[in-house]
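Take the sequence shown: its letter number 63 is residue 62 in numbering that gives the first Met the number 0, and every next letter is one higher. These notes concern the structure reproduced below.
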Amino acid sequence: MERLKNLKVEDFETDPIVVSPTAPISEVIGALKQSGAYEVFIQDGKKVGALTMREILKASDISNMRTSTLMFYVSKLSPETTVGKAAKLMNDYRVRALPIVENGKIRGAVTTRSLCRALLSAKALRDVRVSKVMAKNPITIDKRDPVSKARRLMIKEGIDHLPVLDSRELCGILLSSHIVFSIERGWRREPSSASPQATYTSRFQG
0 MERLKNLKVE DFETDPIVVS PTAPISEVIG ALKQSGAYEV FIQDGKKVGA
50 LTMREILKAS DISNMRTSTL MFYVSKLSPE TTVGKAAKLM NDYRVRALPI
100 VENGKIRGAV TTRSLCRALL SAKALRDVRV SKVMAKNPIT IDKRDPVSKA
150 RRLMIKEGID HLPVLDSREL CGILLSSHIV FSIERGWRRE PSSASPQATY
200 TSRFQG
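In structure tokens form, the structure reads like this:
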């Protein structure tokens, strides 16, 4: 595990999604939906901004908003930054990805997804039990609660996932992306025949 922490982030680099500060929020949502990502990056002079699903949740009206309205600045990684430092910064900023910058320009990103893939091959994890790393007493929501309550909880607690319960039994999980994409559909007035449960909740099979 110690060896993994000392590896360089360039070994786990992925292609970033970079948008203009003037890009409409609706355009950002489309890019996130297409890529399956949770954040985009913005080159703002020497600084780098980020816009996440969670920040978009805070928007009261996305129809006329620009990226610069909701973005926040994040730490920049160099290709030589260690995985351990990158993981700590992600935790500090509560983000799933950070930009890798070279010569003042965004050249890539390191994501929790790419780091998790590396962890899967780490022998040190083979003997680690889930109970040692899981979040205890997670915040949950009942499937009969309004989505507005889930949105408030995600914003207040800084989370992207909510386990959904039915009579205290786990029946699915609600993601910030489910809510954001539903808001976008409503804004575009696209007809949808999906039920609220199907629209907002990823069900567990089995």
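Built from N, CA and C at the ideal position, the CB exists for glycine as well. Fair warning: this is a prediction, and the values are worked out from it, not measured in the lab.
By the Cβ test, the segment 173 to 182 is not in contact with the segment 63 to 74, since fewer than three Cβ pairs between them sit closer than 8 Å. In the three-state DSSP reduction, D144 falls in the coil class, being neither helix nor strand. In terms of Cβ geometry, I28 and E156 do not form a close pair [threshold 8 Å]. The C-beta separation of L50 from E38 comes to about 6 Å, placing the pair in contact by the 8 Å criterion.
Taking 8 Å as the cut-off, the beta carbon of V163 is found no closer than this to the beta carbon of K135. DSSP places E38 inside the beta strand (DSSP E), whose first and last residues are E38 to D43. The residues K4 and L114, in chain order, have a CB closer than 8 Å to that of A86 in the same chain once the five nearest residues on each side in sequence are set aside. Annotation for I61: no beta strand (DSSP E) segment contains it, and DSSP assigns it neither H nor E. Contact between the segment 60 to 69 and the segment 90 to 101 is absent, with fewer than three C-beta pairs closer than 8 Å.
For V100, there is no enclosing alpha helix (DSSP H); the enclosing beta strand (DSSP E) covers residues A96 to E101.
A36 and L97 have their C-alpha atoms spaced approximately 12 Å apart.
Taking 8 Å as the cut-off, the beta carbon of A58 is found closer than this to the beta carbon of M64. E168 sits in a strand when the DSSP states are folded into three classes. Note that the C-beta distance between Q42 and K104 is below 8 Å. Secondary structure of G107 (DSSP, three-state): strand. One Cα belongs to L88, the other to L169, and the distance between them is close to 32 Å. Annotated as distal: A108 and P20, with beta-carbon spacing of 8 Å or more.
Excluding its 5 nearest sequence neighbours in each direction, R150 has C-beta neighbours in its own chain below 8 Å: L56 and I178, listed in chain order.
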